[in-house]
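Chemist: Numbering (my numbering), first residue to last: 9 to 221.
Here a beta-carbon is modelled for each residue, glycine too, at the ideal position from N, C-alpha and C.
Take this structure first; my questions come after.
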Amino acid sequence: MKIPTYDQMMNPLIQALRELGGSGSVSEIYEETIKILDLPDEILEIPHENKEGSMSEVAYRLAWTRTYLRKYGILENSARGIWAFTPTGQDVREVDPSDVVKKVRELIAKEKITKGGGKKEIVSEDDSVDETEDIEDWRIKLQNILVNMKPDAFERLVQRLLRESGFIQVEVTGRSGDGGIDGKGIYRIKLGVKTEIIKVESVTIDNDWFLRI
9 MKIPTYDQMM
19 NPLIQALREL
29 GGSGSVSEIY
39 EETIKILDLP
49 DEILEIPHEN
59 KEGSMSEVAY
69 RLAWTRTYLR
79 KYGILENSAR
89 GIWAFTPTGQ
99 DVREVDPSDV
109 VKKVRELIAK
119 EKITKGGGKK
129 EIVSEDDSVD
139 ETEDIEDWRI
149 KLQNILVNMK
159 PDAFERLVQR
169 LLRESGFIQV
179 EVTGRSGDGG
189 IDGKGIYRIK
199 LGVKTEIIKV
209 ESVTIDNDWF
219 LRI
């Protein structure tokens with residue numbers, strides 16, 4: 009059996025991310041993807057460039073898979089290393105790998121041509137806004153979005169928030185009747201790891217909306 013190429017792992021990775029609820033850490037995505045591909049240990053243990061101590065060749069190629077799907081516009085990653093679908097990628101079930109490769113390579117070529125040709129934008133004092141008012145308006149808009157969010161979207165949001173907070177192996181175990189969800193996850197602490205049982209619900213107090221965890 010040959011090691012899958014990075015483009016051959018695109019659709020399995022998309023499927024894996026959906027199985028994880030729409031977001032996941034690099035390790036979670038790796039584990040779920042190799043489970044879908046059903047790769048044997050002898051393939052998973054091959055090191056990149058046959059150098060001992062380096063990452064596996066599968067992990068190396070999967071990193072390129074993530075990069076191509078990000079540049080294609082259906083994945084995004086945060087500063088904490090959590091990967092998720094972009095708004096464009098939410099409804100994508102599979103891609104044409106050859107189309108992804110073609111468009112991303114065209115994009116990279118254009119970036120090389122235009123690199124360094126951008127102009128700095130000058131912002132004058134007249135362009136400033138009332139910061140306090142702007143923040144309040146932002147909070148109201150966000151609250152309206154969250155209150156009217158569909159249950160499956162709320163579930164994906166909570167999983168993403170928990171992963172961004174440092175939880176790994178986040179799993180939804182059930183949905184409560186109060187508009188919340190029940191789940192579990194592992195949180196890393198200095199002395200090791202700690203398994204946490206998680207309950208998340210939406211609460212309205214004095215017309216203010218909160219997530220209670």
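In the stretch 56-132, which residue ranges form an unbroken alpha helix (DSSP H) of at least 4 residues, counting only runs that do not cross its ends?
Modeler: 65-80, 105-122
Chemist: Using a Cβ distance threshold of 8 Å, determine whether the stretch 25-33 contacts the stretch 91-108, with at least three qualifying pairs required.
Modeler: The stretch 25-33 vs the stretch 91-108: in contact.
Chemist: Below 8 Å on the Cβ atoms is my contact criterion, and I expect Val100 with Ile22 to pass it. Report the Cβ-Cβ distance as a whole number of Å.
Modeler: At roughly 7 Å, the Cβ-Cβ gap stays under 8 Å, so Val100 and Ile22 are in contact.
Chemist: Buried or exposed for Ser173, going by 16 or more other Cβ atoms inside 10 Å?
Modeler: Looking at its Cβ environment, which holds fewer than 16 other Cβ atoms inside 10 Å, Ser173 is exposed.
Chemist: Does DSSP put Lys192 in a helix, in a strand, or in coil?
Modeler: strand
Chemist: Would you mind working out which of Ala117, Glu65, Gly32 sits nearest Leu170, comparing C-alpha positions?
Modeler: Gly32
Chemist: If you draw a straight line from the alpha carbon of Val131 to that of Ser86, how long is it in whole angstroms?
Modeler: Note that Val131 scores 39 on pLDDT, short of 50, meaning its location in the model is unreliable; the coordinates nonetheless yield the value given after this. Whole-angstrom Cα-Cα distance: 27 Å.
Chemist: Could you work out which residue in Arg78, Leu77, Val34, Arg88 is closest to Met63 when comparing CA atoms only?
Modeler: Val34
Chemist: How is Glu53 classed by DSSP in three states: helix, strand or coil?
Modeler: Look at Glu53 here: in three-state DSSP terms it is coil, with no helix or strand label.
Chemist: For Pro12, count neighbouring C-beta atoms within 10 Å of its own C-beta (all shown protein chains included) and say buried if the count is 16 or more, exposed if not.
Modeler: buried
Chemist: Would Ile194 and Gln177 qualify as a contact pair, given that the criterion is a beta-carbon distance under 7 Å?
Modeler: yes
Chemist: Just the Cα atoms here: how many angstroms apart are Val112 and Ile44?
Modeler: 25 Å
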